[in-house]
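Here the protein sequences line up with chains A and B, keeping their order. Residue numbering for the first sequence follows the numbering used here, beginning at 1 and increasing consecutively. Residue numbering for the second sequence follows the numbering used here, beginning at 1 and increasing consecutively.
2 protein chains.
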Amino acid sequence: MLDLIAPLVVPGETKIVLLSLDGLGGLARPETGRSELETARLPNLSRLAARSACGLIRHVAPGITPGSGPGHLGLFGYDPLQYQVGRGVLEALGIEFDLRGGDVAARGNFCTVDGEGLITDRRAGRISTEVCVRLTERLGTIRLPGVEVLVEPVKEHRFVLVLRGAGLGGRLSETDPQALGQPPLPVRALDAPSERTAALVNQFVAEAKRLLHDAAPANMVLLRGFDLLPKLPRFPTVFGLRAAAIAAYPMYRGLAKLVGMDVLSTGTTFKDEIATLHEQWPNYDFFFVHYKDTDKAGEDGDFDAKVAALERFDALLPEVEALRPDVVVVTGDHATPAILAAHGWQPVPVLVHGRYSGADGLDTFSERACRTGSLGTIPAFHLMPLVMANALRLTKYGA
Amino acid sequence: MLDLIAPLVVPGETKIVLLSLDGLGGLARPETGRSELETARLPNLSRLAARSACGLIRHVAPGITPGSGPGHLGLFGYDPLQYQVGRGVLEALGIEFDLRGGDVAARGNFCTVDGEGLITDRRAGRISTEVCVRLTERLGTIRLPGVEVLVEPVKEHRFVLVLRGAGLGGRLSETDPQALGQPPLPVRALDAPSERTAALVNQFVAEAKRLLHDAAPANMVLLRGFDLLPKLPRFPTVFGLRAAAIAAYPMYRGLAKLVGMDVLSTGTTFKDEIATLHEQWPNYDFFFVHYKDTDKAGEDGDFDAKVAALERFDALLPEVEALRPDVVVVTGDHATPAILAAHGWQPVPVLVHGRYSGADGLDTFSERACRTGSLGTIPAFHLMPLVMANALRLTKYGA
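Take a look at the structure:
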């Protein structure tokens, strides 16, 4: 799809806002038969939906619950089955680590081993973040032949290990045996290109053991979720857009950075994000604006809090519309139904509004109403081509 | 898809009419909320839609606006992403040039160069077509080793260059620098199989310069849109149909010819085309009938003219039905919404009527109504298999 789009992109003056409500989609509360979107009072969203093309998007495949990585890649136009971003990379993005194509990242834990090297605590008694910072500095002194070694603290016992250099492979087994009373496992390469990397990681683990021998309870490390950062096509290049991300949470800033968007400084609330949107309006063609509260309430299983989060979003929507963007998209990166209290596999409502979008005339913006919309149920990565077309930024295919 | 279909084709006596309304799909006029199809009085089409299976077809991919080439290839059953027809080939088809598989075609302009060979007018002052004809005759005397050189006038300063011979490549850079005060660029091969072709084209340009030295303002040529004619499977062979095209405009005759249909002589109006359909009714199993007026009005941004064009079509539809075809299809090669005044990316309404099509009972034939039809929203190249099935011309797959 990206190969099809890129040669068709034409310059333009139009502006696009993609509003991503994290965990937007929901499910009906059994007592009322109405979902979060159907329960909330959303006058602005309903009015906008009536004047938009609506539908449902599916981020990965039927029945598959997307993590934040695949969910956002889909929204950004990348087929998440083609461009995979794994756990180690996501851990690094979550601390806004500046990953580069070809980097191998892993999630690290400090752990406790006894005199025989057997694990007695897989989380090293959840040491303080302060201790974690000090010990990762120690690990950062490790030198390996031909690669750069980067060790960054995350929180408590968690850290990120990144190896940077040419010719690394990311298909590696984990060192965590997931059980006590056993030694950490050596890393094995799961494919030929990862063999040298496996040897380097085992050398890192041996050095770490030596450097941490006096640091009990954090006297050893466990590594898992190894991942090679895929070389992703750059979003601004593919779509010919000056693209900015406005997100209060580091994970989403990281995902936007991964595809080459400019990540704008902003505050900690959605109101701050909207203020940033207004300030930066002249400087970009495309804004990805992330709203976290819906997901948080959904994950907590708090139906009423999710309804309230939707209503807070709705109250601020006119401030986005006041900028008169040429195309507005409202959707999410996955469902987080409050009754599930977790990410869900359900397709997520979407609306696309613009001069040429057509108006489906739906009276609410909800899972049920959007099923009858003109966009149908489509893969999330089909959204960006549609948005580009609506912004008159694609020329025709074939003469 | 073609590989799946061809072995399943069985002989039959059934007759199929594919009515293609160029640029059929539209968008609602903001003042009324109704599209061209929803505004026009279309009693015959509405009556037929009620007794048909309806849906929407997408010619290329979501958000992608089809040119006439990909739009028609889709209708003819070819996936336009697999079978690509480029600009040079389309220019040749537009004058009904008899292109053959392996030919390389380019769009040519006569231009003006000064004493130092720098371009002073990229269109040679738009010389008359008469002068163009005379000068292309001159260029037609050029001989190149191992290939046939064919030069055909188009209109004013435009001509078509075709090289015919074995082993040619079509991946060539353009000679037009798209700016004044510069010399024409030499052609470069963009892949290895095109290297010999690049050398031949550069030799052609050198000869052309010599032959045109006294022909100012048309004293040089610019070439662009080089293309190798893809070897397309022949429509009559794949589908086992005696297939005829009835189209008043040369481009659409050319596209039908490209897939091996017989192109019938006809007049300049849709009424003439219908008369031709009646005359030739006994001689073919499949008729592609092209209606241009809808697209022309849409391109002009004239909503009312497009409504009128639809009503004129509707008035003649009973003359097609009077022939009692076994399967009638009404659709288009792309949308041309009048409010967009250009080809659009929107999916296009389609109806398939026959004894076994089922009847969706829709009360209008429109973008909105067809969304709810039994065919769903499908790729255009899925249409021909459906039509063949409805004509009882496909046996089952697997015993």
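All C-beta atoms, glycine included, are put in the ideal place defined by N, C-alpha and C.
- The alpha-carbon separation between L229/B and L45/A amounts to approximately 50 Å.
- Residue environment for L180/A: exposed (fewer than 16 other C-beta atoms within 10 angstroms of its C-beta).
- Using a CB distance below 8 Å, the part of the stretch 29-43 of chain B facing chain A consists of G33, ordered along the chain.
- Residues of the stretch 309-343 of chain B with a C-beta less than 9 Å from any C-beta of chain A: H334, P337, I339, L340, A342, H343, listed in chain order.
- Straight-line measurement puts the Cα of G94/B at about 21 Å from the Cα of V60/B.
- Within chain B, the residues P62 have their CB atoms less than 7 Å from the CB of I378/A, given in chain order.
- According to the DSSP assignment, Y291/B belongs to the beta strand (DSSP E) that extends over 286-291.
- Taking 8 Å as the CB threshold, Y284/A stays off the interface with chain B.
- Between the C-alpha atoms of P43/B and I16/B there is a straight-line separation of about 22 Å.
- Straight-line measurement puts the Cα of F235/B at about 8 Å from the Cα of L241/B.
- In the DSSP assignment, G332/B falls outside any beta strand (DSSP E), carrying neither H nor E.
- T112/A places its beta carbon less than 8 Å from that of P217/A.
- If the five residues before and after A256/B are omitted, its C-beta is found closer than 7 Å to the C-beta atoms of A245, A247, V263, F288, all from its own chain and listed in chain order.
- At a beta-carbon threshold of 8 Å, the residues of chain B lying near H382/A are A61, P62, G63, ordered along the chain.
- Remark: C-beta atoms of V307/A and E36/A approach each other more closely than 8 Å.
- Excluding five sequence positions before and after G298/B, the CB atoms of its chain that fall closer than 6 Å to its own CB belong to G23, K306, T336, A338, given in chain order.
- By the Cβ neighbour-count rule, G140/B is exposed, with fewer than 16 other Cβ atoms within 10 Å of its own.
- For the stretch 77-90 of chain B, the set of positions with a beta-carbon nearer than 8 Å to some beta-carbon of chain A reads P80, L81, Q84, V85, G86, R87, L90 in chain order.
- Separation of the CB atoms of G88/B and G225/B is rounded to 4 Å, and the pair is thereby assigned contact status at 8 Å.
- Annotation: R312/B to K292/B spans about 12 Å, alpha carbon to alpha carbon.
- Between the alpha carbons of L223/B and D176/B lies a gap of roughly 6 Å.
- Taking C-beta separations shorter than 7 Å and ignoring five residues to either side along the sequence, the partners of L386/A in its chain run V352, following chain order.
- Residue burial is scored here from C-beta neighbours: T372/A has fewer than 16 other C-beta atoms within 10 angstroms and is therefore classed as exposed.
- Runs of the alpha helix (DSSP H) spanning 4 or more residues and lying entirely within the stretch 290-360 of chain B occur at 293-299, 303-321, in chain order.
- Counting of Cβ neighbours within 10 angstroms places Q182/A among the exposed residues, the total staying below 16.
- Neighbours of W345/B in chain A, taken as residues whose beta carbon is under 7 Å from its own, are A389 in chain order.
- Taking every protein chain shown into account, the CB of R324/A has fewer than 16 other CB atoms within 10 angstroms, so this residue is exposed.
- Closer than 8 Å to the CB of R371/B there is at least one CB belonging to chain A.
- For K155/A, same chain residues with a beta-carbon under 6 Å away, outside a window of 5 residues either side, are T129 in chain order.
- No Cβ of chain A is located within less than 8 Å of the beta carbon of P230/B.
- Close to chain B, meaning a Cβ-Cβ distance shorter than 7 Å, is no residue of the stretch 179-195 of chain A at all.
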